[in-house]
Amino acid sequence: MDLARLSASASNIQPLKFILSTDPDTNTRIFPHTSWAGYLEEWEGPAEGERPAAWIIILGDETLRDSFGCDHGIAAWSIALGAAEQGLGTCIMGSVEEEGLREALEVPDHLRVLLALALGEPAEEVRLENLRTPGGDIRYWRDGEGVHHVPKRPLDELIVARYGG
């Protein structure tokens, strides 16, 4: 969490607040309000026993700012990198049922639910793949051994211009 606290914030307003849970009952209340891996249509998310051991819900304090720009993305990625350094897996979810989660966690009205981060021991291997063709299919998939493949665009497709050395 300290990585999120120290992350960049537009105008240094620091409008983000956090709900932390390692409590199994609270985690059970959070889970149904999140969506997992939309491209894996047959998969409903982690099964009981594989579900996240911890959650971080990132909130925006509307008394400090009404728009949060990319602050929550920066904070979420800082947390994810710190978790990876400790051998933990994370899933950053923007697909969250805000009203249901707000009710389940009794989130005050002035705080907007922005993201949910699931944390725990990784239950699968994730393998990054280069897209086979420019502009190719970006949908992730699982192979027969349960390896999760995630296509990524090559650098030459991303870099529009390069100046200098």
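Counting in the working numbering, the sequence shown runs from 34 upward without gaps.
Using N, Cα and C, we set each Cβ at its ideal position, and we do this for glycine too.
I'd like to confirm the pairing. Which residues does DSSP put opposite residue i in its beta bridges?
i, result
"Trp174", "His182"
"Met34", "Bridge partners of Met34: none, in fact."
"Gly115", "Per DSSP, none; premise fails for Gly115."
"Ala149", "Ile90, Met126"
Residue j and residue i - do their beta-carbons sit closer together than 7 Å?
i, j, result
"Ala41", "Pro85", "no"
"Ile192", "Pro184", "no"
"Thr55", "Ala87", "yes"
"Ile63", "Leu97", "no"
Going along the chain, which residues of its own chain have a beta-carbon closer than 7 Å to the beta-carbon of residue i, five neighbours each way excluded?
i, result
"Asp104", "Ser42, Ala43, Pro48, Leu49"
"Leu14", "Residue coverage of the chain in this structure runs from 34 to 198, which leaves residue 14 outside it and unanswerable."
Closer than 6 Å by C-beta to residue i: which residues in its own chain qualify, once you throw out the five before and the five after it? Chain order, please.
i, result
"Met34", "none"
Contact defined as beta carbons within less than 8 Å: I believe residue i pairs with residue j. What is the distance between those atoms, to the nearest angstrom?
i, j, result
"Ile90", "Ala149", "5 Å"
"Pro155", "Gly122", "4 Å"
"Leu92", "Val159", "Leu92 to Val159, Cβ: 28 Å. No contact."
Stretch pair the stretch 53 to 62 + the stretch 104 to 115: three plus CB contacts closer than 8 Å: The answer is no - the stretch 104 to 115 does not touch the stretch 53 to 62, with fewer than three Cβ pairs under 8 Å.
Stretch pair the stretch 144 to 156 + the stretch 169 to 177: three plus CB contacts closer than 8 Å: Contact between the stretch 144 to 156 and the stretch 169 to 177 is absent, because fewer than three Cβ pairs lie under 8 Å.
Inter-stretch contact at 8 Å, needing at least 3 Cβ pairs: the stretch 131 to 138 / the stretch 70 to 80: Not touching, per the Cβ criterion.
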